[in-house]
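Take a look at the structure below.
In our numbering, the protein residues as written are 1140 to 1377.
Below, the structure is given as structure tokens:
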């Protein structure tokens, strides 16, 4: 996790974010579930299915780490995508029950998490440290909660998460453009690349735009906003 912007207790942050998310999922109607989400091509059912399957994958991988039976998060990217499509077709009640069960599973594994170790995302693929897993799950829950396009939005993100995401996404965008970001609500400044012309707004609005969701209409830019491509994570050199 970033050294400058992180929760005091990352696991607690994940669990609290999960409770907020579960409250939203529990209140969904069948009609809402089938409506489009913020993500192009995905209904809310796709988002809910993905978040639950991500919990399932991480819980299985962490259990494998704990018991000495290495288990990847996903069998393959193709299987991951197929599972999302399959579960997105389930009924509201089935998705709600599956979500609750998988969130409980990963909560249990996080509460037993050891400080060292790593898992594979897919067999022979990206290796994730346990710190990576906690960070990734935090991001999955908070961002996709907002992706549902209901009452929960980036304005509802805890300040620690919004600051973390601005910093991470600013780093990721550093090869696309340069700017100095002013998160006015939390009084922090972040650089994209070497820094440059100013872009101001709330931390949540800045992060939402940086990860390719928002249009940036709620931001103020001295020289206008650059056109962003899809959000891609950059590897940090340790």
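Heads up, the beta-carbon is just placed ideally off N, CA and C, and yes, glycines get one too. This one's a predicted model, so the numbers in the text were calculated from it and none came from an experiment.
Residue 1280 and residue 1355 have their C-alpha atoms some 22 Å from each other.
DSSP links residue 1320 through a beta bridge to 1329, 1338. Look at residue 1360 here: in three-state DSSP terms it is strand.
Shortest Cα-Cα distance from residue 1186 to any of 1373, 1238, 1260 involves 1238. Within the same chain, Cβ atoms closer than 6 Å to the Cβ of residue 1245 are found at 1194, 1197, 1198, the five residues on either side in sequence being excluded. DSSP places residue 1268 within a strand segment (E or B) once states are collapsed to three. Residue ranges of uninterrupted beta strand (DSSP E) with 3 or more members are absent from the stretch 1288 to 1316; none lies entirely inside it.
As the crow flies, the alpha-carbon of residue 1321 is around 21 Å from that of residue 1278. DSSP places residue 1225 in the helix class (H, G or I) of the three-state scheme.
Residue 1157 sits in a helix when the DSSP states are folded into three classes.
In this structure the stretch 1250 to 1265 lies against the stretch 1204 to 1214, because at least three pairs of beta carbons, one per stretch, are closer than 8 Å. In the structure shown, residue 1279 falls within a helical segment according to DSSP collapsed to helix, strand and coil. Residue 1182 carries a strand assignment under DSSP once its states are collapsed to helix, strand and coil. Secondary structure note for residue 1259: its beta strand (DSSP E) is the uninterrupted segment 1257 to 1259.
The Cβ neighbour count for residue 1293, taken over all protein chains shown within 10 Å, is at least 16; the residue is labelled buried.
Rounded to the nearest whole angstrom, the CA to CA distance from residue 1340 to residue 1357 is 7 Å.
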